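Numbering (our numbering), first residue to last: 11 to 411. Beneath this line is the structure, given in structure tokens, with notes to follow.
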Amino acid sequence: MKGAEMIIPPLFICPISLDLFRDPVTLCTGQTYDRSSIEKWLAAGNLTCPVTMQKLHDPSIIPNHTLRHLIDQWLNSGTQIESVYLKIVDCDISIAAIKHNLESNESALENKLEILEIIHALADELPLQNSCLIQLDFFCLLLEAVFRNSEGLHFQENLRFVEKALICALKLLPFSDLGSLNMLKEESKFAYFVLLFEKGNMAIKKSLCHLVEEIAKGLDTKELCIKLGKSANLLQEIIHLVHNNSEAAEAGIQAISALSLIESNREKLVKEGAVEELVEHISKSKKHERSSAPMAVSIIENLLTLECAKQAIINHPSGVNALVKLVFRVSDHEGSESAINSLLIICFDSETAREEAISSGVLTQLLLLLQSQCSGRAKTKTRMLLKLLRSKWNEDSKHAL
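In structure tokens:
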């Protein structure tokens, strides 16, 4: 097969050399490696399994005759398995070579894209290959490659690499050290992060939103989350995703939700128009369809700790009506409690809000909710809102007289 392109099934690839097994052998952990690769590993004084990192209680290696037979059969038949994405051209591709390719500014874009396909396949196919990438911290390596902003490479061309690299990084993220995201504290990397939000395609923006979510969740990345909240350009770009009601709108809402968990970020979000865009998003959502509207109203509930957020709701032509819309949903009660809590907050001190809520049909919605199978806590909040509206209505009536 000299010079011929082979599409190699993942089961036939050694997780150390990333090449076709020539002499597959199995360790006591049940993991299979090419004999020459594992012998080098053990000869170097390693007493663990490279993939699982379990200590080897028995260092002996056993030939995997079944796998060897399958490989021979595959080679003789010349079969190519179309469901496998890994393509290797008669050369030894090692982890070291992959890392060097990603780290080098001299590597051609097409070569890097091919390497990303290999990483994607390794992360997607088998847990043992995925954990090999985790042990070598490919998550950090991919982030470095994305936010390095390679000189000499056209920005639009580089977006092809960024899109695929972010997809690979997100596959590895659940098993990786989130502290690697703190590299974005560096001004040059942070500036490029914001630039990608501004000029990247929708796939890139969705991936970046997922990174924002993870940054907001992590204890080690709290300072970085605060830094994100201080960037007006970044917040505007995320909120703009919701405004466009694009395919990335839900990812944008999730990112806003994550950012709003940090108290210092809330005022910045309100200032950049988050409340207005969330209201618009809720207003456009259809009641019978499952949507991200419940998450949007939950964010509004968090933001209503601020007076400026209350005013933004009251001043918006559809603000109160949007909250009323989510009080009762026939399909489910997701978002109901947040909507009721939000109405309790804004109706307490605002006659205008109370009038709008009543004219929007909130009383009917609340009575329907009481008769539904919603939670006991939701029913308690419902009674509180009904009592508030009734008592305030009586007070307003007396004042009118």
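All residues carry an ideal CB built from backbone N, CA and C; glycine is no exception. Being a predicted model, the structure only gives us computed values, none of them experimental.
Item, Value
"Interface flag, L176 vs chain C, CB-CB below 7 Å", "This model lacks chain C altogether; it includes just one protein chain."
"Buried versus exposed call for Q264 [16 or more other C-beta atoms within 10 Å across all chains shown]", "buried"
"Three-way DSSP call (helix, strand, coil) for V289 in this model", "helix"
"For H67, the nearest candidate out of S47, A259, H343, C38 (CA to CA)", "C38"
"Given L28 as reference, the closest of S47, V35, E317 once Cα atoms are compared", "S47"
"Alpha helix (DSSP H) segment containing D359, residue limits", "346-359"
"The ligand ADP heavy atom lying under 6 Å from the CB of A367", "This structure does not include the ligand ADP; it has no bound ligands of any sort."
"V35 - containing beta strand (DSSP E), residue span", "34-36"
"Beta-bridge pairing of I72 - partner residues as DSSP gives them", "T36"
"Beta-bridge pairing of I26 - partner residues as DSSP gives them", "I26 pairs with nothing; no bridge assigned."
"Spatial distance of P412 from E224 (CA atoms)", "One cannot answer for residue 412 here, as it falls past the ends of the chain, which runs 11 to 411."
"Nearest-angstrom Cα separation, counted from K237 out to Q83", "57 Å"
"Host beta strand (DSSP E) of T42 (start-end)", "42-44"
"Test item: CB-CB of K248 and G262 under 7 Å", "A small correction: the amino acid at residue 248 is Ile; Lys does not occupy that position in the sequence shown. Cβ distance < 7 Å, so I248 and G262 count as in contact."
"Supposed contact pair A332 and S293 - C-beta distance, whole angstroms, cut 8 Å", "5 Å"
"Coarse secondary structure for K296, derived from DSSP in three states", "coil"
"Contiguous beta strand (DSSP E) assignments of at least 3 residues, all confined to the segment 158-223", "none"
"Where I18 falls: helix, strand or coil (DSSP)", "coil"
"Sequence-distant residues of the same chain with beta carbon closer than 7 Å to L376, five excluded per side", "V337, T392, L395, L396"
"Alpha helix (DSSP H) segments (min. 4 residues) lying fully within the segment 235-283", "242-253, 259-269, 273-281"
"Straight-line gap, P60 to A53 (C-alpha atoms, nearest Å)", "13 Å"
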